[in-house]
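Here is the structure we will look at.
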Amino acid sequence: MKHFRYAPALLLLCCSLALPASATTYPHISFHAKLLSDEGEPLRGLQIVTFYVHDRADGSGEALWIETLPVQVRENGEYFAELGASSPRFGERVINDHALLYVSTRTTNSSKPSPAAVVVTIPQGIWVDCNPDNSAGNCDGVSGLTSEAELRTIAGAKFRYVFNDSNLWGTESEIASWADQASSSSLKIIWYIPLDFALYQGTSTSHYSLISNDTELASSFCSGCTNAAFTTALVKWFTTFPATAGYYIDDEYVNMASQGEIQNYKGKTISECAIESDIATLYNTVHAADPKHTIYGAETWDSVNTANESQLAGFLDPIEAELNVMGADYYPVGTGEAAATEASAASWLDTIADNYNRPAFMNLQAFRWEDFAPGACASNSICVYPTISQLQTMLTDAAGASRAPSVLVWFDYGDTVANDQWSNLVSAANPQ
1 MKHFRYAPAL
11 LLLCCSLALP
21 ASATTYPHIS
31 FHAKLLSDEG
41 EPLRGLQIVT
51 FYVHDRADGS
61 GEALWIETLP
71 VQVRENGEYF
81 AELGASSPRF
91 GERVINDHAL
101 LYVSTRTTNS
111 SKPSPAAVVV
121 TIPQGIWVDC
131 NPDNSAGNCD
141 GVSGLTSEAE
151 LRTIAGAKFR
161 YVFNDSNLWG
171 TESEIASWAD
181 QASSSSLKII
191 WYIPLDFALY
201 QGTSTSHYSL
211 ISNDTELASS
221 FCSGCTNAAF
231 TTALVKWFTT
241 FPATAGYYID
251 DEYVNMASQG
261 EIQNYKGKTI
271 SECAIESDIA
281 TLYNTVHAAD
291 PKHTIYGAET
301 WDSVNTANES
311 QLAGFLDPIE
321 AELNVMGADY
331 YPVGTGEAAA
341 TEASAASWLD
351 TIADNYNRPA
361 FMNLQAFRWE
371 DFAPGACASN
381 SICVYPTISQ
391 LQTMLTDAAG
401 ASRAPSVLVW
411 FDYGDTVAND
421 QWSNLVSAAN
431 PQ
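The opening residue of the sequence shown carries number 1 in the numbering used here; numbering runs sequentially from there.
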C-alpha cells in the first residue's frame, strides 16, 4: 500500500456489528444514529423506536428483522441501540450473506419511517506503518504513540484486521508483544512480507541477507540460514501467534515492474516477468511453511484516470496461482475521478477474481494525495482528504460488488491521524 499511482444516496450512519463477547452474547448490530421528528428536529429523552432491517435499498419486500426497543436519546438526537443482541438467530437470518443491510426507524409519533441507513457487514481492516520496536517517531509519525496503544485504538473502533508494512522492525520479543496485543484486542494480523523477500529468496546471504537488511531480528533467530530458510523460520514463527490470519506478499509489484520501478541491490532493473517468477517462489516458500493461512496480494492500475478491467487483469492474471485472495488498490479522491467510480473498480476486480474462483479484497482511500504524490492531484482545490460522504460512497460501492469482497481495508491510519480525520473515518466506515 505504499506504492501510489496517479490516479439519491442513502445515509450511512454509525452502525456496527458486534461480535460475541461471551457465550450469552450473539452477533448483533450496534446502531448509532440521530432520531429526528417528521419535521427534521432532533428528538430527545426516552423514545420507543421500531427498527426495520431490509436487504434492499428501497425497503421493498419483507423485512429481515423488525424489533421495537426503548432508547434514551441525547439532547442532539443521538442514540445507541443493540439490534438482535438477545436472539441466537439474528446472525444467521440477518447478517450472514448480506454485505449491505438497510435500517430504517419509526417512533410512535412519526408518520413514516426514517431514510434507510446502510450497514456494511463485510469485515474491515486498516493499514498502519508502525515499528513494534516503538522507536521514536516510527509509529505512523505520531509522537509518543506505541505500537500496542495504536492497536488498542484500532480495535476500539471495531476494525477487525491490521496490515502493518513495518511489522518486521522489532526484536523477537518486541514483535511478539505487538502480536500478543493484537490477539488480546481481538485483531487479526495479515503479516506484511516486504518486496526484498520476493527478490532475494535464492540469493546468497553473502550478497544480500534478509534477516540483516529487512528486520531487526538477531542472527541467532535463524543462525546460518539461507534467505529461503530464514523466510520459512519466520513464517513458522508467525503461525504460533493466535492473531495470525495470513500473509501479504504482493504490493503492486507487477505493476511497478512494468514501469521499471524495481531495482535489485546491484542496481539492475527487475523485469515484469522476473518479478512474477519471484512472487511465485515466495508464495511457494510461505505456503510450504504455513499451508493453513491465507496469502493476499494486490495490484493496481497505471492511472486512476485511465483504469479499466483489462489493465488490472494484465497485472493479476500472471500471478493468480500465487494469491489465495486477489486484491486491488483504487484511490480516486483528488485525481479528478468521482468517489463513485469505486464501483467500477470493485466490479472489475470481482470479475477477475471470479475467473479463478478466488475471493477478493479492496484497499480503499483514507489519505490525501498531497501527502504522498502531489502529482496525482488534478487540482489543489480537490486534493484533500476524502469527505465523510466520499468515504461512505467508496465503502458501499466496493461492498456492492456482485460477490462482495471478503475484507475492505483502509489506507491508512497515519495520514488519517495527521489530517485529524480519525473520528470521521470511523464514523463513515462504521467497522463491523
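We put the beta carbon where it would ideally sit given N, CA and C, even for glycine.
Under the DSSP definition of a beta bridge, which residues are partnered with S104? By one-based count along the sequence shown, residue 104 stands at place 104. S104 pairs with Y52.
For A33, which residues does DSSP report across the bridge? Residue 33 sits at position 33 when you count from the first residue of the sequence shown. Within the DSSP bridge table, the entry for A33 names Y79 as partners.
Could you tell me whether the region 225-235 touches the region 252-270, using the rule of 3 or more Cβ pairs below 8 Å? Verdict: no, contact absent.
Please return the same chain residues whose Cβ sits closer than 6 Å to the Cβ of A228, not counting the five positions on each side in sequence. To locate residue 228, count along the sequence shown from 1; it is residue 228. Here the set comprises Q201 and T285.
Taking its Cβ as the centre, do 16 or more other Cβ atoms sit within 10 Å of G84, making it buried, or is it exposed? In the sequence shown, counting from the first residue as 1, residue 84 sits at position 84. Looking at its Cβ environment, which holds 16 or more other Cβ atoms inside 10 Å, G84 is buried.
Could you give the residue range of the beta strand (DSSP E) that holds F163? In the sequence shown, counting from the first residue as 1, residue 163 sits at position 163. That run of the beta strand (DSSP E) goes Y161 to N164.
Using the rule of at least 16 other Cβ atoms within 10 Å of the residue's Cβ for burial, across every protein chain shown, is Y413 buried or exposed? Stepping through the sequence shown from its first residue, residue 413 is reached at position 413. Around the CB of Y413, 16 or more other CB atoms lie within 10 Å, so the residue is classed as buried.
First and last residue of the beta strand (DSSP E) that includes F493? This structure leaves residue 493 out entirely; the chain is present only between 1 and 432.
What whole-angstrom Cβ distance do E342 and Y330 have, given they're in contact under 8 Å? Start at 1 with the first residue of the sequence shown, and residue 342 comes out as number 342. Start at 1 with the first residue of the sequence shown, and residue 330 comes out as number 330. So it is a contact: roughly 6 Å between Cβ atoms.
Tell me P70's beta-bridge partners as DSSP assigns them. As a working mapping, residue 70 is identified with position 70 in the sequence shown. According to DSSP, P70 bridges with I48.
In the DSSP assignment, find the beta strand (DSSP E) that holds L408 and state where it starts and stops. Residue mapping note: residue 408 aligns to position 408 of the sequence shown, counting from 1. Counting along the chain, the unbroken beta strand (DSSP E) around L408 starts and ends at V407 to F411.
With 16 as the cutoff for other CB atoms within 10 Å, does L425 come out buried or exposed? The residue labelled residue 425 in the question sits at position 425 within the sequence shown. L425 should be labelled buried.
CA nearest to the CA of S37, picked from N109, L210 and I275: As a position in the sequence shown, residue 37 is number 37, starting the count at 1. Ranking N109, L210 and I275 by Cα distance to S37 puts N109 first.
Using the Cα positions of K188 and E39, report the straight-line distance between them to the nearest angstrom. If you number the sequence shown from 1, residue 188 lands on position 188. If you number the sequence shown from 1, residue 39 lands on position 39. About 44 Å.
If distances are taken between C-alpha atoms only, which option among V71, S86, P88 and S87 comes closest to F80? Taking the first residue of the sequence shown as 1, we reach residue 80 at position 80. Comparing Cα-Cα distances from F80 to each of V71, S86, P88 and S87, the minimum goes to V71.
Three-state secondary structure (DSSP) at I249? Position 249 of the sequence shown holds residue 249. Shown here, I249 sits in a strand according to DSSP, grouped into three states.
Report yes or no: is there a C-beta of chain D within less than 8 Å of the C-beta of F90? Judged by its chain identifiers, the structure shown contains no chain D, having just a single protein chain.
Give me, in chain order, the residues of the same chain whose beta-carbon lies closer than 8 Å to that of D214; leave out the 5 immediate sequence neighbours on both sides. Position 214 of the sequence shown, counting from 1, holds the residue named residue 214. L168, P194, D196 and F197.
C-alpha distance - P27 paired with R93, whole-angstrom precision: The residue you call residue 27 lines up with position 27 of the sequence shown. The residue you call residue 93 lines up with position 93 of the sequence shown. When only Cα atoms are considered, P27 and R93 end up about 11 Å apart.
Under 8 Å between the Cβ atoms of D133 and E174? Position 133 of the sequence shown, counting from 1, holds the residue named residue 133. Position 174 of the sequence shown, counting from 1, holds the residue named residue 174. Yes, the pair counts as a contact, with Cβ atoms nearer than the cut-off.
Scan the region 256-291 and note each continuous alpha helix (DSSP H) run of 4 residues or more that stays entirely inside, going in chain order. Taken in chain order, the unbroken stretches of alpha helix (DSSP H) that lie wholly in the region 256-291 and span 4 residues or more are 272-289.
Any idea what DSSP makes of P374, helix, strand or coil? Here the question's residue 374 lines up with position 374 in the sequence shown. Shown here, P374 sits in a helix according to DSSP, grouped into three states.
In angstroms, rounded to a whole number, what distance separates the CA positions of E483 and F221? Within the shown structure, residues of the chain are numbered from 1 to 432, placing residue 483 beyond reach of any answer.
In chain order, which alpha helix (DSSP H) runs of at least 4 residues are fully inside the region 162-237? Scanning the region 162-237 for uninterrupted alpha helix (DSSP H) segments of 4 residues or longer gives 172-184, 195-199 and 210-213, listed from N- to C-terminal end.
Taking the CB atoms as reference points, tell me whether V119 and I211 lie closer together than 8 Å. Translated into the one-based positions of the sequence shown, residue 119 becomes position 119. Translated into the one-based positions of the sequence shown, residue 211 becomes position 211. In this structure, V119 sits away from I211, with a CB-CB distance that is not shorter than 8 Å.
Do the region 132-152 and the region 397-409 meet, that is, are 3 or more Cβ pairs less than 8 Å apart? Contact check between the region 132-152 and the region 397-409: fewer than three CB pairs, one atom from each, fall below 8 Å, which does not count as touching.
I'd like to know if the region 387-406 and the region 94-104 are in contact, where contact means that at least 3 CB-CB pairs between them fall below 8 Å. Short answer: they touch.
Quick check on DSSP: helix, strand or coil for G414? As a first step, residue 414 is located in the sequence shown; it is residue number 414 there, counting from the start. Helix, per DSSP.
Ignore the nearest five residues each way along the sequence and tell me which others in Q311's own chain have a CB closer than 7 Å to its CB. Position 311 of the sequence shown holds residue 311. Correct list, in chain order: W301 and D302.
Taking the alpha carbon of R106 as the point to measure from, which residue in V49, Q181 and E150 has its own alpha carbon closest? Mapped onto the sequence shown, residue 106 falls at position 106. Minimum Cα distance to R106 is reached at V49.
Going by C-alpha to C-alpha distance, which of N324, A346, Y208 and S183 sits closest to Y248? Within the sequence shown, numbered from 1, the residue matching residue 248 stands at position 248. Answer by Cα proximity: N324.
In this structure, how does DSSP classify G137 when only helix, strand and coil are distinguished? As a working mapping, residue 137 is identified with position 137 in the sequence shown. G137 sits in coil when the DSSP states are folded into three classes, being neither helix nor strand.
On the premise that E252 lies in contact with E299, defined as a C-beta separation below 8 Å, what is that separation, rounded to the nearest angstrom? Start at 1 with the first residue of the sequence shown, and residue 299 comes out as number 299. Start at 1 with the first residue of the sequence shown, and residue 252 comes out as number 252. At roughly 6 Å, the Cβ-Cβ gap stays under 8 Å, so E299 and E252 are in contact.
Should P123 be labelled buried (16 or more other beta-carbon atoms within 10 Å of its own) or exposed? Walking along the sequence shown from the start, residue 123 turns up at place 123. Burial call: buried.
Is it true that the CB of D290 sits closer than 8 Å to the CB of T239? The count along the sequence shown starts at 1 and reaches residue 239 at position 239. The count along the sequence shown starts at 1 and reaches residue 290 at position 290. Result yes, Cβ atoms of T239 and D290 sit closer than 8 Å.
Answer with buried or exposed for P88, where buried requires no fewer than 16 other C-beta atoms within 10 angstroms of its C-beta. Numbered from its first residue, the sequence shown carries residue 88 at position 88. Exposed, because fewer than 16 other Cβ atoms sit within 10 Å of the Cβ of P88.
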